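Read the structure below first, then the notes.
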Amino acid sequence: MHSAFQYNQYLLKRQVLALTGTIRLYDPNGQLALYSRQKMFRLKEDIRVFSDESQAQELLYIQARQIIDFAAAYDIYDSLTQEKAGVLRRKGLRSLLRDEWEVLDADDRLIGRLFEDDPTRALLRRFLLGNLLPQNYDLWLGENRVADLKQRFNLFRYEMDLDFGMDTQRLLDRRVGIAAGVLLAIIEGKQDS
């Protein structure tokens with residue numbers, strides 16, 4: 005696995021005033037670890053993650069299975085090995101009031117859940133406060149909380165801390181955790197626009 009996936013913490017920053025979803029992930033030392041730029045005018049989501057802004061080395065690709073799907077499933081592939089790392093599937097109707105995703109392994113077996121912190125706070129975000137109340141997601145594999153994805157309060161840009169530090173057994177494939185952060189920034193971020 006590429007060294008960019010070795011860290012327990014990342015800071016994700018999404019460029020707000022861009023035509024496409026441009027995302028940078030920084031390692032704990034503040035160095036650029038990963039770069040993603042969503043392709044424009046695609047019928048199906050096709051998100052590529054690179055080792056840097058030159059886009060010379062693609063490390064991950066995330067593809068939606070369907071063109072338009074309220075409960076979309078996104079396959080996550082390692083670009084270097086062509087190995088399927090896992091799947092993130094959005095829970096359609098449930099995500100209207102509180103964002104919820106299923107985490108599947110490479111064989112499409114349910115192994116975990118990713119969900120927005122608190123139903124009350126989720127409703128306040130959607131109907132009253134919007135971006136003034138940052139989102140917080142927990143990722144669970146079985147009975148183990150393995151990640152905390154927490155949006156920072158910032159009126160001018162989208163920032164999210166990805167923390168895998170509680171996953172001391174490394175149950176979560178970091179490629180799947182990073183893909184979750186990227187998808188939340190791009191897909192869920194569209195709700196805020």
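Basically this note's numbering = 1-based index in the sequence shown + 4. Beta carbons: idealized from backbone N, C-alpha and C, even for Gly. Predicted, not measured: the structure shown is a model, and the values here were computed from it.
message = Taking only three categories from DSSP, how would you classify residue 83?
response = Here residue 83 refers to the residue found at position 79 when the sequence shown is read from its first residue. Here residue 83 sits in coil by DSSP.
ask   = From residue 176 to residue 150, what distance separates their C-alpha atoms?
value = Along the sequence shown, one-based indexing puts residue 176 at 172. Along the sequence shown, one-based indexing puts residue 150 at 146. Rounded to whole angstroms, residue 176 to residue 150 spans 7 Å at the Cα level.
query = Around the Cβ of residue 146, are there at least 16 other Cβ atoms within 10 angstroms (buried) or fewer (exposed)?
reply = In the sequence shown, the residue the question calls residue 146 occupies position 142. It is exposed - the Cβ of residue 146 has fewer than 16 other Cβ atoms within 10 Å.
ask   = In whole angstroms, what is the alpha-carbon distance linking residue 179 and residue 20?
value = In the sequence shown, residue 179 corresponds to position 175, counting from 1. In the sequence shown, residue 20 corresponds to position 16, counting from 1. So the two alpha carbons sit approximately 24 Å from each other.
inquiry  = I need the boundaries of the beta strand (DSSP E) containing residue 53, first residue and last residue.
reply    = Walking along the sequence shown from the start, residue 53 turns up at place 49. Where residue 53 is concerned, the enclosing beta strand (DSSP E) stretches over 50-54.
query = In this structure, does DSSP put residue 9 in helix, strand or coil?
reply = Locating residue 9 in the sequence shown gives position 5, counting from the first residue. It is helical.
ask   = Three-state secondary structure (DSSP) at residue 77?
value = Reading the sequence shown from its first residue, position 73 is the one you call residue 77. Correct three-state label for residue 77: strand.
ask   = Given 8 Å as the limit, is there contact between the segment 53-72 and the segment 82-93, that is, 3 or more CB pairs closer than that?
value = yes
query = Tell me which same chain residues have a C-beta within less than 6 Å of the C-beta of residue 66, skipping the five on either side of it?
reply = To locate residue 66, count along the sequence shown from 1; it is residue 62. Cβ within range, chain order: 51, 78, 80, 183.
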